[in-house]
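Numbering (my numbering), first residue to last: 296 to 568.
A virtual CB, placed ideally from N, CA and C, is assigned to each residue, including glycine.
Below: one structure, written as structure tokens.
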Ligand SMILES: [Zn+2]
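The structure is reproduced here in structure tokens:
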């Protein structure tokens, strides 16, 4: 609409009696319309291309949730993420298609029940070989398996990424964890209340998070102790468990499970049938 107004406006403003004005107006129209369409066009082209054989192979052989997702939409989301996000290897890591798929699949899974939402383009994913410490030095002794920054790259340990998908029932998956933080950052700062939460439920969610943190602290939670650090970590660890151990979570934390089911509009409990 803006393009139409600008194009027509330029035509009228520069003497419609001469063709120069209309040529200029039309050129402006094409430029503005082209600029506006560039983004959807790029996505349209990305989705039309088939998945690379390595990505398709990774999905069918190594992605534990592949048989539960709606394939066409899931693959479209994967293609968009793979075409828009930057992946860089650090300390000798070679960025392969299967590695990129292992990251993109986690992102696509989190929003699979929310086709109304999409991931921002242009995230940068830095792939470290192993865990790393707080000075970003890679080493097997490092404390961190991943780290998400609100205004910077997401760092993931390749070893942890692979372990996460290889053990889909242990409630531990660094990709799901860091992607959950990214959703949280969409509301500008990570406070454990991602923008996916309907505003009417925000207060109840915050109270629930407070309660769950207390449970972790006194050892009465299925969530690992790290979740008690703050609301953002509670949310991220809960997301890992929601997808990987839904039965246990629904039984031991029914309120938390129901809240996450509302947030993601997905019910992993139905996935085993
Ligand atoms: Zn975290």
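As assigned by DSSP and simplified to three states, the class of residue i
{"i": "residue 419", "result": "strand"}
{"i": "residue 384", "result": "strand"}
{"i": "residue 516", "result": "coil"}
{"i": "residue 451", "result": "strand"}
{"i": "residue 427", "result": "strand"}
{"i": "residue 566", "result": "helix"}
{"i": "residue 321", "result": "helix"}
{"i": "residue 335", "result": "helix"}
{"i": "residue 499", "result": "helix"}
{"i": "residue 460", "result": "helix"}
{"i": "residue 412", "result": "coil"}
{"i": "residue 490", "result": "coil"}
{"i": "residue 436", "result": "coil"}
{"i": "residue 389", "result": "coil"}
{"i": "residue 506", "result": "helix"}
Supposed contact pair residue j and residue i - C-beta distance, whole angstroms, cut 8 Å
{"i": "residue 374", "j": "residue 341", "result": "5 Å"}
{"i": "residue 500", "j": "residue 553", "result": "That pair is no contact at about 11 Å."}
{"i": "residue 407", "j": "residue 469", "result": "Between residue 469 and residue 407 the Cβ distance is about 19 Å, and since that is not below 8 Å, they are no contact."}
{"i": "residue 334", "j": "residue 386", "result": "The Cβ separation is near 34 Å, so there is no contact."}
{"i": "residue 420", "j": "residue 382", "result": "5 Å"}
{"i": "residue 511", "j": "residue 522", "result": "5 Å"}
{"i": "residue 507", "j": "residue 529", "result": "6 Å"}
{"i": "residue 455", "j": "residue 437", "result": "Not quite, the Cβ-Cβ distance comes to about 10 Å (not below 8 Å), so this is no contact."}
Residues near residue i in its chain [Cβ-Cβ closer than 7 Å; skip 5 each side]
{"i": "residue 476", "result": "443, 485, 527, 531"}
{"i": "residue 369", "result": "403, 407"}
{"i": "residue 371", "result": "342"}
{"i": "residue 545", "result": "552, 564"}
{"i": "residue 366", "result": "none"}
Cutoff 6 Å; reference residue i; Cβ partners in own chain excluding five residues on either side
{"i": "residue 416", "result": "379"}
{"i": "residue 392", "result": "347, 349, 350"}
{"i": "residue 559", "result": "408"}
{"i": "residue 399", "result": "373, 376, 377"}
{"i": "residue 540", "result": "466"}
{"i": "residue 463", "result": "359, 539"}
{"i": "residue 299", "result": "Its pLDDT being 39, under 50, residue 299 is placed unreliably by the model, and the measurement read from it follows with that caveat. Here the set comprises nothing."}
Range covered by the beta strand (DSSP E) that runs through residue i
{"i": "residue 441", "result": "441 to 443"}
Residue span of the alpha helix (DSSP H) that contains residue i, given as start and end
{"i": "residue 393", "result": "392 to 405"}
{"i": "residue 526", "result": "526 to 539"}
{"i": "residue 472", "result": "469 to 480"}
{"i": "residue 350", "result": "348 to 357"}
{"i": "residue 553", "result": "549 to 559"}
{"i": "residue 377", "result": "366 to 379"}
Residues near residue i by beta carbon distance below 8 Å, same chain, minus five either side
{"i": "residue 439", "result": "426, 427, 428, 429, 450, 452"}
**Request:** Go through the residues and name those whose CB comes closer than 6 Å to any heavy atom of ligand 1, in chain order.
**Result:** Ordered along the chain, the selected set is 472, 476, 528, 531.
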